[in-house]
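Asker:
In structure tokens:
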């Protein structure tokens, strides 16, 4: 693969050990012994195998060799600095699963502003057996196209746009956002602000679409005045919250597309003298550590990122084994896992403008079964 002056990401393909064995007039086991430095091979035979390897331009499959010897597989994890909000949880799940599956994780940042060259150069030098791509890289076509050319198995995390040739693990972002908006509507909110995430990521569009669909199902119009742009960062959440709360008729609830932006909304509300949740309900998405580190704790959508990491490693290792043994994979290529609406202390029925007629005022759930120890 062209990596802008860098290395090659090792893939799986032809010719095979069987082809080399046939050309050299020996058994595949003999070829394997030569490749792995075995000493019980005659020098003349070793030379014939070497000539066949050279003539066929055969490149030994590192994954197959690792599996045959019981060595650890080398799996690369690519992320874009700064890491996404629940990257730490992802790493814990991935590291735990890698340990249990005798795999080694090699983690590398990829600066999207600098292009794909440096990341691919690193991947080529690392001689990886498979690659995990995290958001927002999982939605970045230049990187995915380059990885496809490399041929090694790839699993994309938290994207609804994973290409058919790759593996993927995600939640149903549309349904999750629909559920949260439906929850806010059931509380009596009718003016619900929404902060969109990074436009690069497929999750952003899916969450906005789910929110709008829930409003439509309740017979409410899609009001552009209640939509603000964000980037999944705390700073972008501050700007979006200021925009929404400066409206002449401000929303009674704000649903942010991730917990970082929701935490920023809480900060802006406090600065404006608004009580959360009495004056303003605030909800997030992801259930990051930040969701329980602020006051009040956030009502949010739980994206089970540790489970997603474990499943991603299982899918990837299964694909590596399948390709090495040249047997069809028995596992699905794309997994959609369940989300969960976590009720904490940042939501309540509206007390002023934006309250639906006849709606009873309620207090937030103080202890939801989903968040009990």
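Numbering (the working numbering), first residue to last: 93 to 465.
Yeah, the Cβ is synthetic: ideal placement off N, Cα and C, and Gly gets one too.
1. Please return the same chain residues whose Cβ sits closer than 6 Å to the Cβ of residue 263, not counting the five positions on each side in sequence.
2. Comparing C-alpha positions only, which one of 384, 311, 320 sits nearest to residue 285?
3. What's the C-alpha gap between residue 357 and residue 165?
4. For the putative contact between residue 390 and residue 438, defined by C-beta atoms under 8 Å, what is the C-beta separation to the nearest angstrom?
5. Taking three-plus beta-carbon pairs below 8 Å as touching, is the segment 220-233 in contact with the segment 395-409?
6. Can you tell which of 253, 259, 255, 236 has the C-alpha that lies nearest to the C-alpha of residue 247?
7. Three-state secondary structure (DSSP) at residue 507?
8. Go ahead and label residue 173 buried or exposed: buried means 16 or more other beta carbons lie within 10 angstroms of its beta carbon, across all protein chains shown.
9. I need the straight-line Cα distance from residue 353 to residue 209, nearest angstrom please.
10. Which term fits residue 121, buried or exposed, when burial requires 16 or more other beta carbons within 10 angstroms of its beta carbon?
11. Whole angstroms are fine: how far does the CA of residue 236 sit from the CA of residue 112?
12. With contact counted as at least three CB pairs below 8 Å, one residue from each stretch, are the segment 224-232 and the segment 269-276 in contact?
13. What are the complete beta strand (DSSP E) segments, minimum 3 residues, inside the segment 272-319?
14. Mind checking residue 109: buried by the 16 CB within 10 Å criterion, or exposed?
15. According to the neighbour-count rule (16 or more other Cβ atoms, all chains shown, within 10 Å of its Cβ), is residue 214 buried or exposed?
16. Can you tell me which of the three DSSP states residue 362 falls into?
17. Ignore the nearest five residues each way along the sequence and tell me which others in residue 339's own chain have a CB closer than 7 Å to its CB.
18. Tell me the DSSP bridge mates of residue 378?
19. Mapping DSSP to helix, strand and coil, what is residue 260?
20. From the DSSP output, read off the bridge partner residues of residue 171.
21. Which residue's Cα is closest to the Cα of residue 345: 217, 379, 275, 203?
22. Can you grab the Cα-Cα spacing for the pair residue 399 / residue 185, in whole Å?
23. Pick out whichever of 440, 115, 178 has its Cα sitting closest to the Cα of residue 373.
24. So if DSSP puts residue 329 in a beta bridge, which residue, or which two residues, is it bridged to?
25. Thinking C-beta only, is residue 234 closer than 9 Å to residue 207?
26. Taking C-alpha atoms, which residue in 280, 376, 385 lies nearest to residue 442?
27. Between which two residues does the beta strand (DSSP E) holding residue 249 run?
28. Count the other CB atoms, across all protein chains shown, that sit within 10 Å of the CB of residue 116; report buried if there are 16 or more and exposed otherwise.
29. In chain order, what residues of the same chain lie with their CB nearer than 6 Å to the CB of residue 158, ignoring the 5 residues before and after it?
30. Within 10 Å of its beta-carbon, does residue 257 have 16 or more other beta-carbons around it, so buried, or fewer, so exposed?
Answerer: In brief:
1. Here residue 263 refers to the residue found at position 171 when the chain shown is read from its first residue. Hits under 6 Å: 395, 429, 431.
2. Counted from its first residue, the chain shown places residue 285 at position 193. Answer by Cα proximity: 320.
3. Here residue 357 refers to the residue found at position 265 of the chain shown. Here residue 165 refers to the residue found at position 73 of the chain shown. If I take the Cα positions, the gap works out to 43 Å.
4. Within the chain shown, residue 390 is the residue found at index 298, counting from 1. Within the chain shown, residue 438 is the residue found at index 346, counting from 1. The Cβ separation is near 5 Å, so the contact holds.
5. yes
6. For the purposes of this step, residue 247 is taken as residue 155 along the chain shown, with counting starting at 1. The candidate whose alpha carbon is nearest that of residue 247 is 259.
7. This structure gives no information on residue 507, because the portion of the chain shown stretches from 93 to 465.
8. Numbered from its first residue, the chain shown carries residue 173 at position 81. Per the 10 Å Cβ criterion, exposed.
9. Looking up residue 353 in the chain shown gives position 261. Looking up residue 209 in the chain shown gives position 117. Their backbone Cα atoms lie some 31 Å apart in a straight line.
10. Working through the chain shown from its first residue, we reach residue 121 at position 29. Exposed is the call here.
11. The sequence position of residue 112 within the chain shown is 20, counting from 1. The sequence position of residue 236 within the chain shown is 144, counting from 1. Distance between the alpha carbons of residue 112 and residue 236 is about 32 Å.
12. no
13. 284-288
14. Taking the first residue of the chain shown as 1, we reach residue 109 at position 17. Buried is the call here.
15. Position 122 of the chain shown holds residue 214. The residue is buried, with at least 16 neighbouring Cβ atoms inside 10 Å.
16. Working through the chain shown from its first residue, we reach residue 362 at position 270. Helix, per DSSP.
17. On the chain shown, position 247 is the one that residue 339 refers to. Within the same chain, residue 339 has close Cβ partners 317.
18. Numbered from 1 along the chain shown, position 286 holds the residue referred to as residue 378. 394.
19. One-based indexing of the chain shown puts residue 260 at position 168. Note: residue 260 maps to strand in three-state DSSP.
20. The residue given as residue 171 occupies position 79 in the chain shown. Looking at the DSSP assignment, residue 171 forms a beta bridge with 201.
21. Position 253 of the chain shown, counted from the start, is the residue given in the question as residue 345. Checking every option, the nearest Cα to that of residue 345 belongs to 275.
22. Numbered from 1 along the chain shown, position 307 holds the residue referred to as residue 399. Numbered from 1 along the chain shown, position 93 holds the residue referred to as residue 185. So the alpha carbons of these two residues sit roughly 7 Å apart.
23. As a first step, residue 373 must be located in the chain shown, where it is residue number 281. Comparing Cα-Cα distances from residue 373 to each of 440, 115, 178, the minimum goes to 440.
24. If you number the chain shown from 1, residue 329 lands on position 237. DSSP lists no partner for residue 329.
25. Translated into the one-based positions of the chain shown, residue 207 becomes position 115. Translated into the one-based positions of the chain shown, residue 234 becomes position 142. Yes, the pair counts as a contact, with Cβ atoms nearer than the cut-off.
26. As a first step, residue 442 is located in the chain shown; it is residue number 350 there, counting from the start. Per the Cα distances, 280.
27. As a working mapping, residue 249 is identified with position 157 in the chain shown. Counting along the chain, the beta strand (DSSP E) containing residue 249 begins and ends at 246-249.
28. Walking along the chain shown from the start, residue 116 turns up at place 24. Under this definition residue 116 is a buried residue.
29. Translated into the one-based positions of the chain shown, residue 158 becomes position 66. Unreliable positioning characterises residue 158 in this predicted model, as indicated by a pLDDT of 49, which lies under 50. The coordinate reading is nonetheless provided below. Result list for residue 158: 165, in chain order.
30. Along the chain shown, read from residue 1 onward, the residue named residue 257 stands at position 165. The residue is exposed, with fewer than 16 neighbouring Cβ atoms inside 10 Å.
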